Amino acid sequence: MRLACLTVVTLLFCNVTAIKLGYVPFFGNDNENVEFFDAIAVLIKSSDSLNPICKNHTLLYLKDLKSYRIWASDMFDASTKFSSGLLYGETYDFGNYDECIGIVVPNKYGEFTGRPCLAKFTVEPPKTYKKKEHLSDYRKFYNQSMLDQVFSQLGDPSGIPRNELYFTYCIPSSCSNEDLEIFLGDFLNLNTINQFKIKAEVDKNNLPA
């Protein structure tokens, strides 16, 4: 789960051009050399579902983020990364609202601004998964998978679901909530090396500001 979520939410500034993905079908046998930006750019360019202006602005964002341009760096900085306390129930991260809405980018495809958008990720356990109990007893369960902690609140209405994560992305204002959901879904489908299914949802009723 951590690997899949990290692929969605991280572009580490210290080495943003060297992040690798799992197997990406459209790169064929050259997957060992696939870099994060290359895969994302091809995914966006090949999408027939994203609106054209959103697509152009997002490709510009990736290009300028790779070059460390200030506006793109601010847009990334305002977005959720991998927040602390997820295994403890801290599953909401709202990014930096003021930083995001303060971004204004003049561009040949039309000026755009930053817009915060909240996405929900649900990590679904395998059908054969059996819930573990009393995971806080480290003497007994020190060797358990952290996924057992993620699924520890399943079926408990009084607990906070730890398999539901809410991350906020600062996206171009030309992109709709549906555009973000389509992109996240397509991107998660690239993660063929993970046995756990992760679903992304963005509230369609939360209209662009």
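Using mature numbering (1 follows the signal peptide of the UniProt record, and there is no 0), the letters of the sequence shown correspond one by one to residues -18 to -1, 1 to 191.
Don't be surprised by glycine CBs; every beta carbon is placed ideally from N, CA and C.
Values in this document were obtained by computation on a predicted structure and should not be read as measured data.
Is it buried or exposed for residue 186, if we count other Cβ within 10 angstroms and need 16 for buried?
Flag for residue 186 reads exposed.
Hey, residue 96 and residue 152: beta-carbon distance below 8 Å or not?
Cβ distance < 8 Å, so residue 96 and residue 152 count as in contact.
Indicate whether residue 169 and residue 25 have their beta-carbon atoms separated by less than 8 Å.
A contact, by the Cβ cut-off of 8 Å.
Which of the three DSSP states, helix, strand or coil, is assigned to residue 26?
Here residue 26 sits in helix by DSSP.
Please classify residue 164: does DSSP put it in a helix, a strand, or coil?
Looking at residue 164 - three-state DSSP - the assignment turns out to be helix.
Just curious, the alpha helix (DSSP H) that residue 179 is in, first and last residue?
Segment 179 to 184 is the beta strand (DSSP E) holding residue 179; no alpha helix (DSSP H) there.
Let me know the secondary structure DSSP gives residue 109 once reduced to three states.
Three-state DSSP puts residue 109 in coil, outside helix and strand.
If you follow the alpha helix (DSSP H) that residue 50 is part of, which residue opens it and which one closes it?
Run containing residue 50: none; DSSP gives neither H nor E here.
Establish whether the CB of residue 167 and some CB of chain B are separated by less than 8 Å.
Judged by its chain identifiers, the structure shown contains no chain B, having just a single protein chain.
Grab me the residues of residue 79's own chain with a C-beta within less than 7 Å of its C-beta, minus the 5 sequence neighbours each way, in chain order.
Once the five neighbours on either side are set aside, the close Cβ partners of residue 79 are 98.
Can residue 194 and residue 73 be called in contact, C-beta distance under 8 Å?
Residue 194 lies beyond the residue range present for the chain, which begins at -18 and ends at 191; the question has no answer from this structure.
Residue 148: which of 101, 45, 47, 69 sits nearest, CA to CA?
It is 101.
What residue does the alpha helix (DSSP H) around residue 79 start on, and which one ends it?
From DSSP, the alpha helix (DSSP H) with residue 79 extends over 79 to 83.
Give the secondary structure of residue 95 by DSSP, where H, G and I count as helix, E and B as strand, and everything else as coil.
Of the three classes helix, strand and coil, the one that applies to residue 95 here is strand, per DSSP.
Go ahead and pull the three-state DSSP assignment for residue 152.
Residue 152: strand per DSSP, three-state reduction.
Grouping DSSP H, G and I as helix and E and B as strand, with all else coil, what is residue 102?
Residue 102 falls in the strand class under three-state DSSP.
Whole-angstrom Cβ separation of residue 104 and residue 181, contact assumed at under 8 Å?
With a Cβ gap of about 5 Å, residue 104 and residue 181 count as contacting.
Evaluate residue 235 with the Cβ neighbour count: other Cβ atoms within 10 Å of its Cβ, from every protein chain shown; 16 or more gives buried, anything less gives exposed.
Residue numbering for the chain in the displayed model covers -18 to 191; residue 235 lies beyond these limits and cannot be assessed.
Measuring only the C-alpha atoms, how far is residue 88 from residue 53?
Cα to Cα, the separation comes out at about 11 Å.
For residue 167, which residues in the same chain have their Cβ closer than 7 Å to its Cβ, ignoring the five residues on either side in sequence?
Around residue 167: 182.
Determine the DSSP secondary structure at residue 75, reduced to helix, strand or coil.
In this structure, residue 75 counts as strand in the three-state DSSP scheme.
Straight-line CA distance for residue 193 to residue 150?
Outside the modelled stretch of the chain, which goes from -18 to 191, sits residue 193, for which no answer is possible.
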